Structures are given as C-alpha cells and as structure tokens.
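S.K.: Each residue of the first sequence is one higher than the one before, counting from 120 in the numbering used here.
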Amino acid sequence: MPELPEVETVVRELNRALPGRRIRRVEVFRRDALGDVPTAVFADALAGRGFGPIARHGKFLLFRLDPSGFLVAHLRMTGKFILSDPLPGPQPHQRVWFHLADGQLLIFQDLRCFGTLAYVERLEDAPNLARLGLDPLAKDFTSRWLGEALAGSHAPLKHWLMDQTRIAGLGNIYACEVLFRSALSPKRRACRVRPEEARRLHRAIRAVLKLAIRKNGTTISDFQRVDEKFGEFQRYLKVYGREGEPCPACGAAIRRIPQQQRSTFYCAKCQS
DNA sequence: AGCGGAACCTGTCGGC
DNA sequence: TGCCGACAGGTTCCGC
C-alpha cells in the first residue's frame with residue numbers, strides 16, 4: 120500500500136491526534152508483525168508509555184515514546200493505523216490494539232500481515248532502519264548527490280529508485296510516475312544518466328512526492344488515512360495502472376513491462 | 001554488483 | 001457457478 124506520501128499522510132494525521140496521550144495496555148490478536156519478539160515482551164514494553172512526536176524515515180514510522188524508547192512501524196503492503204472509539208471486538212484484519220488511557224484505541228490493521236511493529240530503546244537498535252538511504256524530502260537530498268550516487272551503479276533506473284538503501288521512500292507507483300515526469304526510461308542504466316537528466320530526475324522526485332503529499336497520497340485499492348478517508352493522488356497518476364491508455368503527453372499507448380517481478384508502466388515514446 | 005526466484009499472507013478479479 | 005492463475009502500494013534471503 121504505502122509509499123512515502125502515504126506514510127507521510129499517516130504521520131501528519133497521527134501527529135495531530137496522538138502526542139501527549141498514553142498507552143494503558145496492548146492487545147495482540149495476531150502476532151506476525153512482531154517477528155521474533157514474544158507478545159508479552161512487546162506489550163509490556165509499551166504499556167504505560169506516552170506518545171511524543173511521530174517522525175518518518177522513508178516508509179518507516181517512528182513513534183517517540185515518553186519517557187523513553189520508540190515504536191518503529193512499517194506498513195509494508197496493507198498495514199494501516201486507525202484511531203477509533205472503543206469496539207466490542209477486533210474487526211477483520213485488526214492485528215493489534217493499543218488501548219489508550221483515555222479509552223480510545225489506536226488500531227494496527229493489516230490484511231496481508233507483512234507489516235512490522237517493534238519497540239526499541241534507541242533507534243540504532245531498530246532492525247533495517249540503519250540500512251536506509253537518504254529520505255528524498257531531506258535537505259541533503261540534492262541533485263548533485265543524486266548525480267554522483269547514480270554514477271556508481273549499473274542497475275536499471277526503476278530498480279535504482281526503488282532500492283531503499285539508496286533513496287528511502289519510493290515504491291512502484293511513484294518510481295513509475297517520477298520516471299515519466301523526467302522522461303527517462305525505466306530500463307536506462309543509472310550510470311548512463313547525464314548530469315542535466317539527473318537534475319530533471321531530482322526535480323521530478325521532489326515535485327511528484329510533494330504533490331502526492333498535498334493530495335494525501337494515492338488510494339488504488341485500499342490505502343486509508345487514519346480517519347478512514349482516502350488519498351486523491353490517483354487522479355493525478357499519468358502512467359501507473361494505465362496500460363493501453365494514451366500517454367498524456369504524446370498519445371502513444373502506455374506499456375506495462377515486468378521488472379524485478381513488479382509491473383512497470385511507461386511511455387516508450389516519451390521516455391528514453 | 002546485479003538479477004531471478006521464492007518466501008512471507010490474504011484477497012480480488014478476470015478468464016474459461 | 002466454480003476453479004485457477006495472475007496480480008497487488010514491500011522487503012528479505014538465497015544462489016548464480
């Protein structure tokens with residue numbers, strides 16, 4: 120489900136509602152998200168802690184807790200957080216309930232059970248977080264950095280953009296959209312991108328992500344915001360999911376090709 | 001280094 | 001109607 124703009128949308132909404140509130144207890148209905156950590160260890164670590172500000176790195180949500188520690192969450196394909204009034208019991212696909220001291224519930228819901236939740240004392244202890252590359256909305260993500268980073272890799276641009284150890288946050292939808300906007304082929308080797316093309320790519324990454332955040336992300340099948348409203352960026356998608364439709368720039372049919380066992384959508388005429 | 005394939009798990013949709 | 005395969009916004013691990 121979520122790529123950077125969807126996670127950012129969730130983070131902003133949680134930040135409006137959660138800081139200052141306290142977890143009374145944690146109820147786990149299905150423990151896949153916890154990995155090797157025993158349910159009781161996870162639940163006991165969180166009980167009694169308060170929520171501070173929530174941050175994001177790439178697609179990870181980082182909940183600062185009071186007086187110490189972090190809840191580190193990754194939504195993967197279908198994870199979502201929902202704030203709800205008390206319920207009689209878990210609704211379908213609800214995996215974890217964080218009972219708040221004021222009676223409301225912070226619900227972690229995840230149809231496919233790929234999402235992850237972890238409590239850590241220090242962010243350095245969070246599995247895989249340290250391997251993440253630059254967040255494309257951070258200040259140090261410059262077109263110069265991008266140009267130099269591209270130069271060292273033979274990977275096709277689409278793979279390169281989705282590699283979270285290089286840039287953290289782009290997934291299948293936004294990688295396709297960014298490449299269309301920069302008129303670069305998903306098959307182009309990273310090291311074959313010329314400096315002015317790298318500048319174009321950099322501008323496209325920033326522009327697409329910022330617009331998507333302004334539209335509260337993309338809802339294709341089931342992305343939901345914390346308040347259960349939907350994103351609107353799907354109305355602005357130029358190529359993703361539009362196989363066979365005319366390219367908005369030249370009218371040629373949008374193509375779908377497999378790359379890394381994912382679908383890539385692009386215009387073979389505009390993108391080279 | 002890169003790439004193909006499989007795995008994690010559940011659901012939907014289209015074709016026959 | 002019913003079964004079956006393809007596909008889904010993500011990531012990791014393994015082997016070549």
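From the three backbone atoms N, C-alpha and C, an ideal C-beta is built for every residue, glycine too. All values derive from a computational prediction rather than experimental measurement.
Pull the bridge partners of Val-239 from the DSSP assignment, please.
M.R.: On the first sequence, position 120 is the one that residue 239 refers to. Beta-bridge annotation (DSSP): Val-239 is paired with Phe-189.
S.K.: Identify whether Ser-304 lies in helix, strand or coil by the three-state DSSP scheme.
M.R.: In the first sequence, residue 304 corresponds to position 185, counting from 1. Here Ser-304 carries a coil assignment [DSSP, helix/strand/coil].
S.K.: My assumption, with CB atoms under 8 angstroms, is that Ile-332 sits in contact with Gly-360. Please give the rounded CB distance.
M.R.: On the first sequence, residue 332 is found 213 positions in, with the first residue counted as 1. On the first sequence, residue 360 is found 241 positions in, with the first residue counted as 1. With 8 angstroms as the limit, Ile-332 and Gly-360 do not qualify as a contact, their Cβ atoms being about 20 angstroms apart.
S.K.: Per the DSSP calculation, Thr-383 is bridged to which residue(s)?
M.R.: If you number the first sequence from 1, residue 383 lands on position 264. Note: Thr-383 sits in a beta bridge opposite Ile-376.
S.K.: Which residue wins for smallest C-alpha separation from Lys-334, given the options His-321, Lys-348, Asp-282, Phe-179?
M.R.: As a working mapping, residue 334 is identified with position 215 in the first sequence. Looking at the Cα atoms, Lys-348 is the closest of the given residues.
S.K.: CA-CA distance, Cys-310 and Ile-376?
M.R.: Taking the first sequence and counting its residues from 1, the one referred to as residue 310 is at position 191. Taking the first sequence and counting its residues from 1, the one referred to as residue 376 is at position 257. Those two C-alpha atoms are separated by around 22 angstroms.
S.K.: Alpha carbons only, please: which of Ser-301, Phe-189, Gly-171 is nearest the one belonging to Cys-386?
M.R.: Your numbering for residue 386 matches position 267 in the first sequence. Checking every option, the nearest Cα to that of Cys-386 belongs to Ser-301.
S.K.: Buried or exposed for Leu-206, going by 16 or more other Cβ atoms inside 10 Å?
M.R.: By 1-based counting over the first sequence, the position of residue 206 is 87. With fewer than 16 other Cβ atoms within 10 Å, it is exposed.
S.K.: How many angstroms separate the CA atom of Leu-123 from the CA atom of Met-281?
M.R.: Looking up residue 123 in the first sequence gives position 4. Looking up residue 281 in the first sequence gives position 162. Taking the straight line joining both Cα atoms gives about 11 angstroms.
S.K.: Suppose you measure from the CA of Leu-330 to the CA of Tyr-355; what does that come to, to the nearest Å?
M.R.: Here residue 330 refers to the residue found at position 211 when the first sequence is read from its first residue. Here residue 355 refers to the residue found at position 236 when the first sequence is read from its first residue. When rounded, the distance between both Cα atoms is 9 angstroms.
S.K.: Could you say which of Arg-263, Asp-259, Phe-384, Phe-233 lies nearest to Pro-121 if we only look at CA atoms?
M.R.: For this step, residue 121 is matched to residue 2 along the first sequence. Answer by Cα proximity: Phe-233.
S.K.: How about the stretch 314 to 321 and the stretch 258 to 266: do they share at least three Cβ pairs that are nearer than 8 angstroms?
M.R.: Counting Cβ pairs under 8 angstroms, three or more are found: they touch.
S.K.: Determine, using beta-carbon pairs with one atom in the stretch 169 to 187 and one in the stretch 248 to 259, whether at least three such pairs fall under 8 angstroms.
M.R.: yes
S.K.: Which runs of the alpha helix (DSSP H), 4 residues or longer, sit entirely within the stretch 191 to 274?
M.R.: Complete alpha helix (DSSP H) runs here, min 4: 262 to 270.
S.K.: Do Val-345 and Glu-146 have their C-beta atoms closer together than 8 angstroms?
M.R.: Here residue 345 is taken as the residue at index 226 of the first sequence, counted from 1. Here residue 146 is taken as the residue at index 27 of the first sequence, counted from 1. Their beta carbons are not under 8 angstroms apart, which means Val-345 does not touch Glu-146 by this criterion.
S.K.: Let's test the definition: count the other Cβ atoms within 10 Å of the Cβ of Lys-258 and tell me whether it reaches 16, buried, or not, exposed.
M.R.: Within the first sequence, residue 258 is the residue found at index 139, counting from 1. Lys-258 is exposed by the Cβ-count criterion.
S.K.: Would you call the stretch 194 to 202 and the stretch 230 to 244 touching, i.e. three or more CB-CB distances under 8 angstroms?
M.R.: The stretch 194 to 202, when compared against the stretch 230 to 244, does touch it at the 8 angstroms Cβ threshold.
S.K.: Quick one: Cα of Leu-303 to Cα of Gly-154, how far?
M.R.: By 1-based counting over the first sequence, the position of residue 303 is 184. By 1-based counting over the first sequence, the position of residue 154 is 35. The straight-line gap from Cα to Cα measures roughly 39 angstroms.
S.K.: Compare the beta carbon distance of Ser-171 and Asp-185 with 8 angstroms and say whether it is the shorter of the two.
M.R.: Within the first sequence, residue 171 is the residue found at index 52, counting from 1. Within the first sequence, residue 185 is the residue found at index 66, counting from 1. The question names Ser, but residue 171 is Gly in the sequence shown. Against a cut-off of 8 angstroms, the Cβ pair of Asp-185 and Gly-171 comes out as a contact.
S.K.: If you follow the beta strand (DSSP E) that Ile-173 is part of, which residue opens it and which one closes it?
M.R.: Taking the first residue of the first sequence as 1, we reach residue 173 at position 54. Note, Ile-173: beta strand (DSSP E), 169 to 176.
S.K.: The alpha helix (DSSP H) with Glu-394 in it runs from where to where?
M.R.: Within the shown structure, residues of the chain are numbered from 120 to 391, placing residue 394 beyond reach of any answer.
S.K.: Classify Glu-125: buried if its beta carbon has 16 or more other beta carbons within 10 angstroms, exposed otherwise.
M.R.: Working through the first sequence from its first residue, we reach residue 125 at position 6. With 16 or more Cβ atoms within 10 Å of its Cβ, Glu-125 is classed as buried.
S.K.: In angstroms, rounded to a whole number, what distance separates the CA positions of Lys-357 and Gln-223?
M.R.: If you number the first sequence from 1, residue 357 lands on position 238. If you number the first sequence from 1, residue 223 lands on position 104. Approximately 40 angstroms between the Cα atoms of the pair.
S.K.: So, with DSSP's three-state summary, where would you put Phe-148?
M.R.: Looking up residue 148 in the first sequence gives position 29. Looking at Phe-148 - three-state DSSP - the assignment turns out to be coil, as it is neither helix nor strand.
S.K.: By the three-class DSSP mapping on this structure, what secondary structure does Ile-286 have?
M.R.: Residue mapping note: residue 286 aligns to position 167 of the first sequence, counting from 1. If DSSP states are grouped into helix, strand and coil, Ile-286 belongs with the strands.
S.K.: Judging by CA-CA distance, which residue of Ala-287, Glu-316, Leu-219 is the nearest neighbour of Glu-127?
M.R.: Counting from one through the first sequence, the residue named residue 127 turns up at place 8. Nearest C-alpha to Glu-127: Ala-287.
S.K.: Within a Cβ cutoff of 6 angstroms, which residues of the same chain sit near Thr-158, ignoring the five residues on either side of it in sequence?
M.R.: To locate residue 158, count along the first sequence from 1; it is residue 39. Answer for Thr-158: Val-147, Arg-150, listed in chain order.
S.K.: State yes or no: is the C-beta of Gly-139 nearer than 7 angstroms to some heavy atom of the ligand HEM?
M.R.: Among the components modelled here there is no ligand, and therefore nothing to report on the ligand HEM.
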